[in-house]
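Just so you know, the sequences run in chain order A and B. Once you know that position 91 of the first sequence is 91 in the UniProt record's numbering, the rest is easy, because the numbers rise by one and skip nothing. Once you know that position 176 of the second sequence is 176 in the UniProt record's numbering, the rest is easy, because the numbers rise by one and skip nothing. Every residue gets a Cβ at the ideal spot worked out from N, C-alpha and C, and that includes glycine. These numbers come from a predicted model, not from an experiment. Note sheet for the following structure.
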Amino acid sequence: MMNLTQITNGEIDELISLIRHNYGYDFGDYARASFQRRVLRCMDQAGIRSFFDLKYELTNDQTFFNWFLQNLTVNVTEMFRDPMFYKSLRTTIIPILASYPTIKIWHAGCATGEEVLSMAILLQEAGLLERSRLYGTDLNPANLERARQGIVPMQYMKDYTYNYIQSGGKNDFSTYYTARYDHAIFNKELRRNIVFSQHNLVTDQVFNEFQLVCCRNVLIYFNRQLQNQVCRLLTDSLAPLGYLAIGMKESLIFTDVRQQFDVTDSVCRIYRRKT
Amino acid sequence: MAPFDIIAIGGSAGSIPIVSELLEALPSTFQYAVIIVLHRLRNVYSEMNRVLTTSDKGTYVHEPDDKEVIQPNSIYLAPQNYHLLIEADRCFSLDYSELVNYSRPSIDVTFESLASVYGSRVLAVLLSGANDDGALGMEAILSNGGQAIVQDPATAAYAAMPRAALERNPTALVLSPDGIIKFLSITT
Ligand SMILES: C[S@@+](CC[C@H](N)C(=O)[O-])C[C@H]1O[C@@H](n2cnc3c(N)ncnc32)[C@H](O)[C@@H]1O
Numbered sequence: 001m002m003n004l005t006q007i008t009n010g011e012i013d014e015l016i017s018l019i020r021h022n023y024g025y026d027f028g029d030y031a032r033a034s035f036q037r038r039v040l041r042c043m044d045q046a047g048i049r050s051f052f053d054l055k056y057e058l059t060n061d062q063t064f065f066n067w068f069l070q071n072l073t074v075n076v077t078e079m080f081r082d083p084m085f086y087k088s089l090r091t092t093i094i095p096i097l098a099s100y101p102t103i104k105i106w107h108a109g110c111a112t113g114e115e116v117l118s119m120a121i122l123l124q125e126a127g128l129l130e131r132s133r134l135y136g137t138d139l140n141p142a143n144l145e146r147a148r149q150g151i152v153p154m155q156y157m158k159d160y161t162y163n164y165i166q167s168g169g170k171n172d173f174s175t176y177y178t179a180r181y182d183h184a185i186f187n188k189e190l191r192r193n194i195v196f197s198q199h200n201l202v203t204d205q206v207f208n209e210f211q212l213v214c215c216r217n218v219l220i221y222f223n224r225q226l227q228n229q230v231c232r233l234l235t236d237s238l239a240p241l242g243y244l245a246i247g248m249k250e251s252l253i254f255t256d257v258r259q260q261f262d263v264t265d266s267v268c269r270i271y272r273r274k275t
Numbered sequence: 001m002a003p004f005d006i007i008a009i010g011g012s013a014g015s016i017p018i019v020s021e022l023l024e025a026l027p028s029t030f031q032y033a034v035i036i037v038l039h040r041l042r043n044v045y046s047e048m049n050r051v052l053t054t055s056d057k058g059t060y061v062h063e064p065d066d067k068e069v070i071q072p073n074s075i076y077l078a079p080q081n082y083h084l085l086i087e088a089d090r091c092f093s094l095d096y097s098e099l100v101n102y103s104r105p106s107i108d109v110t111f112e113s114l115a116s117v118y119g120s121r122v123l124a125v126l127l128s129g130a131n132d133d134g135a136l137g138m139e140a141i142l143s144n145g146g147q148a149i150v151q152d153p154a155t156a157a158y159a160a161m162p163r164a165a166l167e168r169n170p171t172a173l174v175l176s177p178d179g180i181i182k183f184l185s186i187t188t
C-alpha cells in the first residue's frame, strides 16, 4: 500500500482533536500503529497529498467526513471466523445458555454483521433462536446499514461454508441463504431476532444485561488504557455467570476486570463472570 | 552492545525449513528479539510455533497476544490471520485489516512498522517465497538506517520473493542459508 506520505505523531494528535471537536468521535486512545496506517490509507484512497489538505476536507465537508469515518475503522469480518471458537460455543456455552428463558447476546463491534449471523445459525441449530435476542452494535453506521440487509458477497461463501463445517455444522450451509448474482441474502427467518444499532464503546453506556457478550477483534484497536475502560463496560453489561468472548489473541491480563472472571476456554478466550 | 534490538525474518513458500535452521543456530545468549512473519493458511488452526520450537536447543517460539511487550532473548511468530504491528512503546498490536500482497500477516506491514519504531536497530532477513511481499518493508528498514539480508535467489525453493526484494533493495546483503546462519551465529 504505502505511498510515501508520512504523517507525524503530532499531526495525528491534531487530527484526533479536530474529529473530536467537530464530530464528537474520540479516537484519542486508539492504538496508534494501526490508526496511523488507516489515516494514510484513507489519504491514499482519496488522493489527498498533505496533512493540511486532509484537515481542510475534514473541517469543511461533512460528506467527506462520513466517508473518512467509514474507512478509518477496520471493518473486515468473516462468518465463522476461527471455527474452533464456534465449536466451543456449540459444545460448551450454548448448552448452558439453553437454561435461560430468554437468551440475550450482544455483539459489540459487529462490523457488517457476519458474526451475528453465524451466532443465529448456531442458535437455530440448537433450537434456541426463537427465545434469543441478538444485539449487534458498531460505531460505524455504514457497517450497520450493510448488516441490516443480511447480504454477504458471494465470493466469500466458499470460505464461509468451509468455516461452518469446521465449526461442527452438519447442515447444508446453502439452505441458510439465497444466491443472487454476486451476493447471498441470508433468510429473514434467521434474522428475525436480531437488532442492529449504533453504539460507541468509548463514549456510550451499558444498555442492557446479557448472558453472552462477544467483543472480538475490537480491543486490538485500543491502547491498554482504553481496553481497560471498555472491558469494564463489557463486564457491567453481563449478568452474573454470563460469558465474555474476545478475540483469539486478545487478553484480559492487562485489565482490572480479570479477577472477576473464570477462564472457560483459554485458547478461544471465553471467560465467565464469577458473580 | 548488541548491534540490533530486532531481527525480523520474513518467509513464505519454501522458507520453513530454513527458519528452523536459523533458530537453531542462534547463540543462546542473544540479546535481541526475533520476530518471524510467515505466510500461513487462514482459519486452519495450526501450531506453527510448536513446529518451530526445538526443545533440546531451548528455542521457544511464541505467538504474542495483543499489546504484549517485546522482550529481549525472545522469539515471536506473527499469529495467523492478523497483521503484526509494533507500537512506539515497543509492544505488539494486532490488526485484522485487509490483506496486503494477498497476505495476512503481511511481511511488508511488520517490516514497515519495525522501521518506524526501531530505526537503525533492525536487521531484516527475507527468505524463499512465491510473491513480492517484504520488498517494500525492507526498503523502509534500509531507509531508516537498518540492515537487510536476502536469501540468494539461486538457493531458494521459490525465488520470486527474494528476487523482488533485491530488485528494490540492491544494497541488501545476499547470502545462502549457510551464510545467513553464520551471520546470525556470531550476532549476539
Ligand atoms: C475488525 S472488526 C471486528 C468484527 C467482528 N467482531 C469480527 O471479529 O470479525 C472491528 C469493528 O469494531 C468497530 N469499532 C471500532 N471502534 C469502535 C467503538 N469505539 N465502538 C464500537 N465499535 C467500534 C469497527 O467499526 C469495526 O466494525
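- Using a Cβ-Cβ cut-off of 8 Å, A/Asn140 is close to nothing in chain B; its nearest Cβ partner there is about 14 Å away.
- For A/His199, the distance from the CB to the nearest heavy atom of ligand 1 is below 7 Å.
- Note that the C-beta distance between A/Gln124 and A/Leu190 is below 8 Å.
- Burial state of B/Asp178 is exposed, judged by a 10 Å Cβ sphere holding fewer than 16 other Cβ atoms.
- The beta carbon of A/Ile270 sits closer than 7 Å to the beta carbons of Ser88, Ile93, Tyr243, Ala245, Thr264 from its chain, once the five residues preceding and following it are set aside; these are given in chain order.
- Ranked by Cα distance from B/Asn144, the first of B/Glu112, B/Asn131, B/Pro17, B/Ala157 is B/Glu112.
- One Cα belongs to A/Ala111, the other to B/Ala25, and the distance between them is close to 44 Å.
- A straight line joining the alpha-carbon of B/Thr187 with that of B/Arg121 spans about 13 Å.
- Around the C-beta of B/Ser106, 16 or more other C-beta atoms lie within 10 Å, and the residue is accordingly described as buried.
- Within the stretch 46 to 126 of chain B, the complete beta strand (DSSP E) runs of at least 3 residues fall at 74 to 77, 83 to 86, 92 to 95, 122 to 126.
- Take A/Cys214, set aside five residues on each side of it, and the residues of its chain with a beta-carbon closer than 6 Å to its own are His107, Ala245, in chain order.
- Here the distance from the Cβ of A/Cys110 to the nearest heavy atom of ligand 1 is below 7 Å.
- Look at B/Asp133: its C-beta is not under 8 Å from any C-beta on chain A.
- Not a single CB atom of chain A sits nearer than 8 Å to the CB of B/Leu142.
- Excluding sequence positions up to five before and after A/Cys268, its CB lies within less than 8 Å of the CB of Asp82, Met84, Phe85, Ser88, Ala245, Met248, all in the same chain and listed in chain order.
- Residues of the stretch 67 to 87 of chain B with a Cβ closer than 9 Å to any Cβ of chain A, in chain order: Lys67, Glu68, Pro79, Asn81, Tyr82, His83, Leu85, Ile86, Glu87.
- Given a length threshold of 4 residues, each whole run of the alpha helix (DSSP H) inside the stretch 94 to 167 of chain A is given here in chain order: 94 to 97, 114 to 125, 141 to 149, 157 to 166.
- A/Ile105 and B/Tyr60 have their C-alpha atoms spaced approximately 39 Å apart.
- For ligand 1, a non-hydrogen atom lies closer than 7 Å to the CB of A/Glu78.
- Taking each of A/Leu129, A/Phe222, A/Val257 in turn and checking the Cα distance to A/Ile194, the smallest one comes out for A/Leu129.
- For the beta strand (DSSP E) assignment, the uninterrupted runs of no fewer than 3 residues enclosed by the stretch 177 to 261 of chain A are, from N- to C-terminal side, 177 to 180, 183 to 186, 194 to 198, 210 to 215, 238 to 246.
- Placement of the Cβ of A/Arg216 at a distance of less than 7 Å from at least one heavy atom of ligand 1 is found.
- Of the heavy atoms belonging to ligand 1, none sits nearer than 7 Å to the Cβ of A/Tyr56.
- By the 16-neighbour rule on beta-carbons within 10 angstroms, B/Tyr102 is exposed.
- Our two residues, A/Ile48 and A/Leu54, have alpha carbons roughly 6 Å apart in a direct line.
- Where A/Tyr23 is concerned, the enclosing alpha helix (DSSP H) starts and stops at 9 to 23.
- Within the stretch 97 to 128 of chain B, those residues whose Cβ lies closer than 7 Å to any Cβ of chain A are, in chain order, Ser97, Glu98, Val100, Glu112, Ser113.
- In terms of side-chain proximity, the C-beta atom of A/Tyr221 is found nearer than 7 Å to a non-hydrogen atom of ligand 1.
- In this structure, the CA atom of B/Ile75 is about 25 Å from the CA atom of A/Thr255.
- When the Cα atoms are used, B/Gln147 and B/Thr171 turn out to be separated by approximately 9 Å.
- The C-alpha of A/Asn22 lies about 7 Å from the C-alpha of A/Thr59.
- In the structure shown, B/Gly179 adopts helical secondary structure according to DSSP, grouped into three states.
- Here A/Tyr30 is bridged, per DSSP, to A/Phe222.
- For A/Ser118, not one C-beta of chain B is nearer than 8 Å to its own C-beta.
- Selection B/Gly137, B/Ile16, B/Asn169, B/Val117 evaluated against B/Phe92 yields B/Val117 as nearest (Cα-Cα).
- Taking one beta carbon from each stretch, the stretch 126 to 135 of chain B and the stretch 156 to 169 of chain B have 3 or more pairs nearer than 8 Å; the two touch.
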